[in-house]
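Novice:
Residue numbers (my numbering), protein chains in the order written: chain A, 4 to 162; chain B, 13 to 787.
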């Protein structure tokens, strides 16, 4: 039966009653109404549901909610500040990487985890990360361009 | 003509809302007292349902109702009513809904579905049209000849043939008699899935006032609305369909797909909304799938390369329903000429019922399947003739004055395939091939020309409602579905150009709601830019004319002396005599408060000009322009593994006018990638008894960024189209058409093996390489 887990989401503390079977995506979407995190497959292979947990990109569709105790979760809703976009979001838009937009939240979060850990990530690092994200619209060209632009923007912001 | 906004990289109006995850897709919608449905799918692809026991499921926590198809008495469909919302006494494909549970939560519904027990009596299963056509085959729909359908669709009694489309041009026998060389081949384009990352979903709510409210991940709200009204016996106006944001479409969210199934279920709990969103497995098996088209082709030619005759027979494994597949096959059949003129044609397409999910629209709508055959055959024919394949094509290209299979004589404004071909040739083939082989790889280059015909209906209009606001900004409302293709940006740019105001002053609609949105047939066939654009220009012209009428009163001059520049209307020979647009939008108010003139809001529409139904020969007019293009690739085949690496993919299309360079590039890079997926990896596979082998992304090999071509070169020819907005034609589907033949022609160039079916996996290539060595 139910248990309670306490964790932070986008900087705000939450205590949520969960069932043993529930995954992080269920908690985010159905309990906290954070619907920016998307569900695209049954088997952890599309990357649309990626969020950042304690600095690491995680597929929220297979991340058990009961493991959330004490964790810090960052979702797409926590990326922009008011109406000011994060440089990763700006970069993907500028590169034309946003078409239908369904895969974008997962990609933004994955790039955030990657570039926060290693702002000097190589193109191979970026490709390796993006290989976990399916996009049917773009053919990936604009996504790669956007990722590289995001890296530049984030590096510039750090000075 | 100089353009101020068209041809520029204007920003997408919807990008920020998407990048922040703020936009609402179907699964993000939560309604008060909403219930959730889950479906039971069959264990057999073809079986009689002997009994269904729902008693255990009914006892589960949270369950409100368990629904079967037992009492279901209606069929639906736009072309042929051969679709059931839920299996009644027989299942005909593996993804068909057999029963449903409605519960307070989706999880509860899913748990309870597992408790439903069904007894089946299996029937023979036909996956491929060839098997379903066998003499002793069991009929998948015994009553097909009695189904309600549009005129011209004729199931063949006593067979699984759901429809036969025949096109005759000239005298094909005479054409083959005149031929000095004849080549034949058979090509297969297997089942696959559009696989948008957002799965299908719908919410249906039967209200206490007898109206129905629907939310659906559909690109055809008005067709869903009419179908709902017809099935549930309501005036069309009593059905309201909302279309939230769409996470990709690529074809399979057109037509009525899942909506009637959710409606059937929701009808058991009137007063409460019922939501269902497909799992990926359901999205792959229980919505619409793509292709399943086998093309048998025979070409006759003179020794100098002049084409004399074409005979094609297309067999379509259309699935357990033909409603959504019939026009895919008709399009595939009459487009099997590709970009060439054949004086004599006999083209036949058979839609055959099979025990597979229904085939529906897939980006390209029939064009890639049969042109795959044609473009491979062009290379093969050139080889037999000992002729340069470009020269062979060049001799026979369609163009001004030449006549398509449908009997349409082309104009210059239909576009220039020669220019496209030359552009691509120059980029890839003008330089000598660097290398045919080294220690690790074989190298190859291949080419394909292509033709895209439109596919619509005579009444298939798109409409625009344009409203000037008090500050001179403009709101535009249309019924076209934004699926990611960038339609909203196109609307903004075309409107800005037509109204001579900056794009920032134009706000484009977001959601579609049949209660407010102007009518549109459906957003398919790469036709929004051309038709929707035309509707916008017409609405803009009306608005300007209306403002001029009011201004003429105010300025006390004749209307035809007035000039509009976006901000003001002024007298042509004395611009100091002027009135600002902001003073005209709600009529003009004099100082004493007396107001004259009308509120400036207009509607306009644009249909397919002169579109006609096929005549007795299967010919007719498609009503809107053709588009031509050419594609080529440079690839490497790894000797050790058979793996194909696309180093360079080149595309050129005559799009009439590029509206937004960045967006159009995105359409082409995405389309090419999608078709590379089809060519090298993707196939929805079934066992001989109809069970799905790979209905998950982990097994259905969807291309990732690592499969992307190293480089894509994309060029455009701009031969203006008379009726398109500022000369523009469509582009959405075109990039997928020439990809498979270009790659397979390149594979022949690399290793000298002719492949006739896709996906060309590395295993198949490796086997061929080993076979070559053995010889």
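For glycine and all other residues, C-beta sits at the position ideal for the given N, C-alpha and C.
Because the structure is a prediction, the values reported are computed rather than measured.
For residue 62(A) and chain B, any beta-carbon pair shorter than 8 Å?
Specialist: Stepping through the first chain from its first residue, residue 62(A) is reached at position 59. So, not an interface residue.
Novice: In chain order, which alpha helix (DSSP H) runs of at least 4 residues are fully inside the segment 594 to 654 of chain B?
Specialist: Whole alpha helix (DSSP H) segments, 4+ residues: zero.
Novice: Give the single residue among 284(B), 261(B) and 232(B) whose Cα lies nearest to the Cα of residue 225(B).
Specialist: Residue 225(B) sits at position 213 when you count from the first residue of the second chain. Of the listed residues, the one whose Cα sits closest to residue 225(B) is 284(B).
Novice: Using the beta-carbon of each residue, which ones in chain B are nearer than 7 Å to residue 141(A)?
Specialist: Start at 1 with the first residue of the first chain, and residue 141(A) comes out as number 138. 678, 681 and 682, listed in chain order.
Novice: Please name the residue, chosen from 123(A), 131(A) and 23(A), that lies closest to residue 154(A) on a Cα-to-Cα basis.
Specialist: Counting from 1 along the first chain, the entry for residue 154(A) is found at position 151. Among 123(A), 131(A) and 23(A), the Cα nearest to that of residue 154(A) is on 123(A).
Novice: Are the beta-carbon atoms belonging to residue 63(A) and residue 31(A) less than 8 Å from one another?
Specialist: Residue mapping note: residue 63(A) aligns to position 60 of the first chain, counting from 1. Residue mapping note: residue 31(A) aligns to position 28 of the first chain, counting from 1. Contact flag set, yes.
Novice: With DSSP collapsed to three states, give me the class of residue 738(B).
Specialist: Locating residue 738(B) in the second chain gives position 726, where the first residue counts as 1. Correct three-state label for residue 738(B): helix.
Novice: Which runs of the alpha helix (DSSP H) fall wholly inside the segment 318 to 399 of chain B and span at least 4 residues, in chain order?
Specialist: Complete alpha helix (DSSP H) runs here, min 4: 338 to 346 and 379 to 397.
Novice: Using the rule of at least 16 other Cβ atoms within 10 Å of the residue's Cβ for burial, across every protein chain shown, is residue 534(B) buried or exposed?
Specialist: Taking the second chain and counting its residues from 1, one reaches residue 534(B) at position 522. With 16 or more other Cβ atoms within 10 Å, it is buried.
Novice: Could you run through the segment 102 to 130 of chain A and flag, in chain order, every residue whose CB is less than 8 Å away from some CB of chain B?
Specialist: For the segment 102 to 130 of chain A, which is checked against every Cβ of chain B, the residues closer than 8 Å are 102, 103, 104, 105, 106, 107, 108, 111 and 130.
Novice: Shortest alpha-carbon distance to residue 90(B) belongs to which of 163(B), 31(B) and 42(B)?
Specialist: To locate residue 90(B), count along the second chain from 1; it is residue 78. Comparing Cα positions, the closest option is 163(B).
Novice: Could you give the DSSP three-state label for residue 254(B): helix, strand or coil?
Specialist: As a first step, residue 254(B) must be located in the second chain, where it is residue number 242. Here residue 254(B) sits in strand by DSSP.
Novice: Counting C-beta neighbours from all protein chains within 10 Å, is the total for residue 78(A) 16 or more, i.e. buried, or is it exposed?
Specialist: Reading the first chain from its first residue, position 75 is the one you call residue 78(A). Per the 10 Å Cβ criterion, buried.
Novice: Report the option in 698(B), 683(B) and 142(B) whose CA atom is closest to the CA atom of residue 726(B).
Specialist: Translated into positions along the second chain, residue 726(B) becomes position 714. Taking only the C-alpha atoms, the option nearest residue 726(B) is 683(B).
Novice: Taking CB distances under 8 Å as the criterion, tell me whether residue 35(B) reaches chain C.
Specialist: Of the chains in the structure shown, none is chain C; the protein chains are A and B.
Novice: So, using beta-carbon positions, are residue 19(A) and residue 47(A) closer together than 8 Å?
Specialist: Working through the first chain from its first residue, we reach residue 19(A) at position 16. Working through the first chain from its first residue, we reach residue 47(A) at position 44. Not a contact, by the Cβ cut-off of 8 Å.
Novice: Indicate whether at least one CB of chain A lies closer than 8 Å to the CB of residue 765(B).
Specialist: Taking the first residue of the second chain as 1, we reach residue 765(B) at position 753. No, its Cβ sits nowhere closer than 8 Å to a Cβ of chain A.
Novice: Under 8 Å Cβ-Cβ, which residues of chain B neighbour residue 96(A)?
Specialist: Here residue 96(A) corresponds to residue number 93 of the first chain, with the count starting at 1. Within chain B, the residues near residue 96(A) are 23, 24, 27, 28 and 31.
Novice: Could you check the C-alpha separation between residue 10(B) and residue 501(B) for me, to the nearest Å?
Specialist: Since the first and last residues shown for chain B are 13 and 787, residue 10(B) lies out of range.
Novice: Starting from residue 59(B), follow the beta strand (DSSP E) in both directions and report where the run begins and ends.
Specialist: In the second chain, counting from the first residue as 1, residue 59(B) sits at position 47. Taken as a continuous stretch (DSSP letters only), the beta strand (DSSP E) holding residue 59(B) covers 59 to 65.
Novice: Name, going along the chain, the residues of the segment 22 to 49 of chain A whose beta-carbon falls closer than 9 Å to a beta-carbon of chain B.
Specialist: Residues passing the 9 Å Cβ filter: 22, 24, 25, 29, 32, 33, 36, 37, 38, 39, 40, 41, 42, 43, 44, 45, 46, 47, 48 and 49.
Novice: Establish whether the CB of residue 14(A) and some CB of chain B are separated by less than 8 Å.
Specialist: The count along the first chain starts at 1 and reaches residue 14(A) at position 11. Not one chain B Cβ lies under 8 Å of residue 14(A).
Novice: Buried or exposed: where does residue 584(B) fall if 16 or more other Cβ atoms within 10 Å of its Cβ makes it buried?
Specialist: For this step, residue 584(B) is matched to residue 572 along the second chain. Under this definition residue 584(B) is an exposed residue.
Novice: When the Cα atoms are used, what is the spatial distance from residue 316(B) to residue 403(B)?
Specialist: Your numbering for residue 316(B) matches position 304 in the second chain. Your numbering for residue 403(B) matches position 391 in the second chain. Cα to Cα, residue 316(B) sits roughly 10 Å from residue 403(B).
Novice: For the segment 273 to 295 of chain B, list every residue whose C-beta sits within 7 Å of some C-beta in chain A, in sequence order.
Specialist: Listed by position, the residues of the segment 273 to 295 of chain B near chain A (Cβ gap below 7 Å) are 291, 292 and 293.
Novice: Find the residues of chain A that neighbour residue 718(B), judging by a C-beta separation of less than 7 Å, and give them in chain order.
Specialist: Working through the second chain from its first residue, we reach residue 718(B) at position 706. Ordered by position in chain A, the residues that pass the 7 Å Cβ test against residue 718(B) are 130 and 134.
Novice: Give the DSSP-derived three-state secondary structure of residue 479(B) in the structure shown.
Specialist: Your numbering for residue 479(B) matches position 467 in the second chain. Note: residue 479(B) maps to strand in three-state DSSP.
Novice: Out of 649(B), 731(B), 702(B) and 664(B), state which residue places its alpha-carbon closest to the alpha-carbon of residue 692(B).
Specialist: One-based indexing of the second chain puts residue 692(B) at position 680. When only C-alpha atoms are compared, the closest one is 649(B).
Novice: Here's the rule I'm using: 16 or more other beta-carbon atoms within 10 Å means buried, otherwise exposed. How should residue 602(B) be labelled?
Specialist: Position 590 of the second chain, counted from the start, is the residue given in the question as residue 602(B). It counts as exposed.
Novice: For residue 458(B), tell me which candidate among 384(B), 361(B), 466(B) and 528(B) has the shortest Cα-Cα distance.
Specialist: For the purposes of this step, residue 458(B) is identified with residue 446 of the second chain, where counting begins at 1. Checked all of 384(B), 361(B), 466(B) and 528(B); the closest Cα to residue 458(B) is 384(B).
Novice: Take every Cβ of the segment 216 to 225 of chain B, pair it with every Cβ of the segment 307 to 323 of chain B, and state whether three or more of those distances are shorter than 8 Å.
Specialist: Because the criterion of three Cβ pairs below 8 Å is not met, the segment 216 to 225 of chain B and the segment 307 to 323 of chain B do not touch.
Novice: Starting from residue 297(B), find everything on chain A with Cβ-Cβ shorter than 7 Å and list it in chain order.
Specialist: Translated into positions along the second chain, residue 297(B) becomes position 285. The premise fails here: residue 297(B) is roughly 12 Å from chain A at the closest Cβ pair, so nothing lies under 7 Å.
Novice: Let's see if you can read the secondary structure: which residues bound the alpha helix (DSSP H) around residue 122(A)?
Specialist: As a working note, residue 122(A) is residue 119 in the first chain. First-last for residue 122(A): undefined, no H or E at that position.
Novice: Using a Cβ-Cβ cut-off of 8 Å, state whether residue 495(B) counts as contacting chain A.
Specialist: Counting from 1 along the second chain, the entry for residue 495(B) is found at position 483. Yes, its Cβ sits closer than 8 Å to a Cβ of chain A.
Novice: Name the chain A residues that come within less than 7 Å of residue 686(B), Cβ to Cβ?
Specialist: As a first step, residue 686(B) is located in the second chain; it is residue number 674 there, counting from the start. What residue 686(B) touches in chain A: 139.
Novice: Please name the residue or residues paired with residue 199(B) in a DSSP beta bridge.
Specialist: One-based indexing of the second chain puts residue 199(B) at position 187. Answer is 307(B), bridged to residue 199(B).
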